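Colleague: Next up is a structure, given as structure tokens.
Number of protein chains: 2
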Amino acid sequence: MTKARIAVLAAIDGAEEPLSASGVAARANCDCDQATVYRALHHLETAGFAESFVLNCSEHGTERYYVSAKGPHRHWFHCEGCHRFVDLGACRIGGLVADLESELGLRVTRHTMYLSGLCAECSARSAPRAGAH
Amino acid sequence: MTKARIAVLAAIDGAEEPLSASGVAARANCDCDQATVYRALHHLETAGFAESFVLNCSEHGTERYYVSAKGPHRHWFHCEGCHRFVDLGACRIGGLVADLESELGLRVTRHTMYLSGLCAECSARSAPRAGAH
DNA sequence: GTATTTTTGCAAATTGTTCGCATTTGCTCG
DNA sequence: CGAGCAAATGCGAACAATTTGCAAAAATAC
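Going down the list, the sequences are from chains D and L. By my numbering, the letter at position 92 of the first sequence is numbered 92, and the numbering carries on one by one without gaps. By my numbering, the letter at position 92 of the second sequence is numbered 1092, and the numbering carries on one by one without gaps.
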């Protein structure tokens, strides 16, 4: 394991929300080239140390986000107000995926699911309850 | 409604699988510029006539795919062998989304879910059952 | 039919990501 | 411990999907 890959893996293992490639580069305090970060991420995902999904956000555009593959598979909510992620906890659609798999004869190797909207804070800020101010 | 937008909407309404921007341009036989196609898709999505999601595929890279917003909300499976989509039918995670929404105080305005792997055909082709040849 | 607003075409710019290639690093073995 | 080699990195250029500025063309309003 090279220095760059160790730093990249530490960045995503230590983050408590999905990180874009640039986010990883910022957190991984290896001063390595962005190409190296991309290659490291690709390597780590192939090796099973990381997972990724692509998300489009009004502020950051379309980017690929990486999360650690340690622990159970999880899903995320993306807030369109503060552009942060909220952890939705462990995956709850395993049963549904298995059902669809057998119903349709598919071999599912991965699934992507995420929600977006406004988190509790941004939601309260944009449409405060009566008497909240 | 302009000619270009009508053609773009007809393309996605008539397609039985999600279409990328270039796929829309190919199917919509308006010879309009690609910028127009992108703008029309953005407009149609904003106006509620189309939905989209971003998917990364080994053959086509990362692209945004559009589907008609007519009929019930659906989800898709993407085959990494033939790179086609399989319709998973109407959304079955509405309850889960509502649960997460109330559990975590979120305001969910959209959700993305798709599966990938090998479709029945590609699966059979790559690992035929005993006696299948 | 004319004025006003919106949309389109074209070409150039953006942006996330990938690639080629020479150099450096990590590891294996003697 | 140091030579030999395969794999990884840095740098810069290349890419591909998507967006944007602006003048011309088409909808729509009046």
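Beta carbons: idealized from backbone N, C-alpha and C, even for Gly. As the structure is a prediction and not an experimental result, all values here were calculated from the model.
Who does V138 of chain D pair with in a DSSP beta bridge?
Modeller: The structure shown does not extend to residue 138 of chain D, since chain D is modelled only from 1 through 133, so no value can be given for it.
Colleague: To the nearest angstrom, report how far apart N56 of chain D and T1112 of chain L are at their CA atoms.
Modeller: Translated into the one-based positions of the first sequence, residue 56 of chain D becomes position 56. Translated into the one-based positions of the second sequence, residue 1112 of chain L becomes position 112. So the two alpha carbons sit approximately 11 Å from each other.
Colleague: Between which two residues does the alpha helix (DSSP H) harbouring H60 of chain D extend?
Modeller: Working through the first sequence from its first residue, we reach residue 60 of chain D at position 60. Unbroken run through H60 of chain D: none, as it is neither H nor E.
Colleague: Since R125 of chain D is in the alpha helix (DSSP H), which residue starts that stretch and which ends it?
Modeller: Counting from 1 along the first sequence, the entry for residue 125 of chain D is found at position 125. Segment A120 to S126, the alpha helix (DSSP H) holding R125 of chain D.
Colleague: In chain order, what residues of the stretch 1103-1125 of chain L put their CB closer than 7 Å to some CB of chain D?
Modeller: Within the stretch 1103-1125 of chain L, the residues whose Cβ lies closer than 7 Å to some Cβ of chain D are L1104, G1105, L1106, R1107, V1108, T1109, R1110, H1111, T1112, M1113, Y1114, L1115, S1116, G1117, L1118, C1119, A1120 and S1123, listed in chain order.
Colleague: What residue ranges within the stretch 1011-1072 of chain L form continuous beta strand (DSSP E) runs of no fewer than 3 residues, ordered along the chain?
Modeller: Here the runs fully enclosed are 1050-1057 and 1061-1068.
Colleague: For the alpha helix (DSSP H) that contains G1094 of chain L, what are its first and last residues?
Modeller: As a working mapping, residue 1094 of chain L is identified with position 94 in the second sequence. G1094 to L1104 is the extent of the alpha helix (DSSP H) around G1094 of chain L.
Colleague: Tell whether a beta-carbon distance below 8 Å holds between R110 of chain D and G1117 of chain L.
Modeller: Locating residue 110 of chain D in the first sequence gives position 110, where the first residue counts as 1. Locating residue 1117 of chain L in the second sequence gives position 117, where the first residue counts as 1. It is a contact, given that the beta carbons lie within the stated cut-off.
Colleague: V67 of chain D CB to nearest chain L CB: under 8 Å?
Modeller: One-based indexing of the first sequence puts residue 67 of chain D at position 67. It does not; no Cβ of chain L falls within 8 Å.
Colleague: Which residues does DSSP pair with C1005 of chain L in a beta bridge?
Modeller: For this step, residue 1005 of chain L is matched to residue 5 along the second sequence. The question names Cys, but residue 1005 of chain L in the sequence shown is Arg. Partner(s): none; R1005 of chain L has no beta bridge.
Colleague: Can you give the Cα-Cα distance for A69 of chain D and T1002 of chain L, rounded to whole angstroms?
Modeller: Your numbering for residue 69 of chain D matches position 69 in the first sequence. Your numbering for residue 1002 of chain L matches position 2 in the second sequence. Their backbone Cα atoms lie some 48 Å apart in a straight line.
Colleague: Strictly by DSSP, which residues pair up with T1109 of chain L?
Modeller: Position 109 of the second sequence holds residue 1109 of chain L. None, per the DSSP bridge assignment.
Colleague: Closest to A1004 of chain L by CA distance: which of L:D1033, L:C1119 and L:H1060 is it?
Modeller: Position 4 of the second sequence holds residue 1004 of chain L. The candidate whose alpha carbon is nearest that of A1004 of chain L is L:D1033.
Colleague: I'd like to check one pair, V54 of chain D with T62 of chain D: are the Cβ atoms closer than 8 Å?
Modeller: Taking the first sequence and counting its residues from 1, the one referred to as residue 62 of chain D is at position 62. Taking the first sequence and counting its residues from 1, the one referred to as residue 54 of chain D is at position 54. Contact: yes.
Colleague: Tell me which residues share the same chain as V1097 of chain L and place their Cβ nearer than 6 Å to its Cβ, disregarding the 5 neighbours each side in the sequence.
Modeller: Translated into positions along the second sequence, residue 1097 of chain L becomes position 97. Correct list, in chain order: V1108 and H1111.
Colleague: With a CB to CB cut of under 6 Å and the five nearest residues on each side skipped, what residues in its chain are close to S1123 of chain L?
Modeller: Numbered from 1 along the second sequence, position 123 holds the residue referred to as residue 1123 of chain L. Taken in chain order, the list of residues that qualify is empty.
Colleague: Between A90 of chain D and the rest of its own chain, which residues show a CB-CB distance below 8 Å, the 5 nearest in sequence each way excluded?
Modeller: On the first sequence, residue 90 of chain D is found 90 positions in, with the first residue counted as 1. Excluding residues within five positions, the ones whose Cβ falls inside 8 Å are P72, H73 and R74.
Colleague: Note down the Cα distance separating C119 of chain D from T1036 of chain L, rounded to an integer number of angstroms.
Modeller: Residue 119 of chain D sits at position 119 when you count from the first residue of the first sequence. Residue 1036 of chain L sits at position 36 when you count from the first residue of the second sequence. Computed Cα separation, rounded: 34 Å.
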